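What follows is a short report on a single structure.
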Amino acid sequence: MRKHLMLLSLGAVAACTGAQPTAMAGAPEADPTVVPAPLEAVFWAIIDVVGEYQVPLETMDIGRGYLRSEPTAFSGPNAREFWACSPEPDQVPEGVLSIRALPVNDGETRLQVTAVPAPGDGRWCSSTGVLEAQLSERVYARWQELTAE
């Protein structure tokens, strides 16, 4: 509540003075969904990361910057955080991952990562966004690793 009041106060002061509010401390420095490289360079990082997650692919089109996985159970210590299900399942449900890499601006590529749960037992599930954020951050980091070598 206090943070919201502070933001409202900063906005009101900026509106009165014509000044722009400055970024608050702790704001992310880089957007991991925008990689400052052309599609061809970023796609290799995507392929490496999908391999790290051991995701079987159904479709891969490098020319269009698109890939889609087969339904798979994502593993890992925080796999339960990937999906919100009602009621909570005993096992982590399978999901389908799609990644689209879109060229934007000069030499930049935007990642659109989507994970859709596919529970086999008919229960309702949705993505929490954790897997998408992890993959975007990992692709960005892998691209940096590949360009540093």
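Under our numbering, think of the first position of the sequence shown as 19, with each following residue one higher.
Built from N, CA and C at the ideal position, the CB exists for glycine as well.
Keep in mind it's a predicted model, so treat the numbers as computed, not measured.
Could you say which of the options lies nearest to residue i if we only look at CA atoms?
i: residue 141; options: 112, 104, 156 and 161; result: 104
i: residue 160; options: 129, 119, 147 and 64; result: 64
i: residue 116; options: 97, 76 and 126; result: 76
i: residue 58; options: 156, 146 and 127; result: 127
i: residue 135; options: 151, 102 and 119; result: 102
i: residue 96; options: 150, 165 and 163; result: 150
i: residue 119; options: 72, 73, 86 and 162; result: 86
i: residue 124; options: 50, 55 and 130; result: 55
How is residue i classed by DSSP in three states: helix, strand or coil?
i: residue 66; result: helix
i: residue 130; result: strand
i: residue 93; result: coil
i: residue 73; result: coil
i: residue 156; result: helix
i: residue 82; result: coil
i: residue 98; result: helix
i: residue 59; result: helix
i: residue 151; result: helix
i: residue 145; result: strand
i: residue 166; result: helix
By Cβ distance below 6 angstroms, which residues in the same chain neighbour residue i in space, the five residues on each side in sequence not counted?
i: residue 45; result: Below a pLDDT of 50, predicted positions are generally treated as unreliable, and residue 45, at 39, falls in that range; no measurement from the model is reported.
i: residue 41; result: Interpretation of residue 41 is limited by its pLDDT of 38, a score under 50 that renders its predicted location unreliable; the figure taken from the coordinates is listed afterwards. Taken in chain order, the list of residues that qualify is empty.
i: residue 80; result: 61
i: residue 143; result: 101, 103, 111, 135 and 137
i: residue 53; result: 60, 127, 158 and 161
Residues in the same chain with beta-carbon distance under 8 angstroms from residue i, minus the five sequence neighbours each way, listed in chain order, please.
i: residue 154; result: 50, 51, 129 and 131
i: residue 148; result: 96, 99 and 100
i: residue 122; result: 52 and 128
Report, in whole angstroms, the separation of the C-beta atoms of residue i and residue j, which I expect to be a contact under 8 angstroms.
i: residue 100; j: residue 146; result: 6 angstroms
i: residue 113; j: residue 89; result: 7 angstroms
i: residue 157; j: residue 73; result: Going by Cβ atoms, the distance from residue 157 to residue 73 rounds to 13 angstroms, so no, they are not a contact pair.
Enumerate in chain order the residues of its own chain whose CB-to-CB distance from residue i is below 7 angstroms, with the five nearest sequence positions on each side excluded.
i: residue 78; result: 85
i: residue 83; result: 57, 61, 118, 119 and 120
Taking only heavy atoms of the ligand FMN into account, decide whether any of them is closer than 7 angstroms to the Cβ of residue i.
i: residue 150; result: The ligand FMN is not part of the structure shown, which contains no ligands of any sort.
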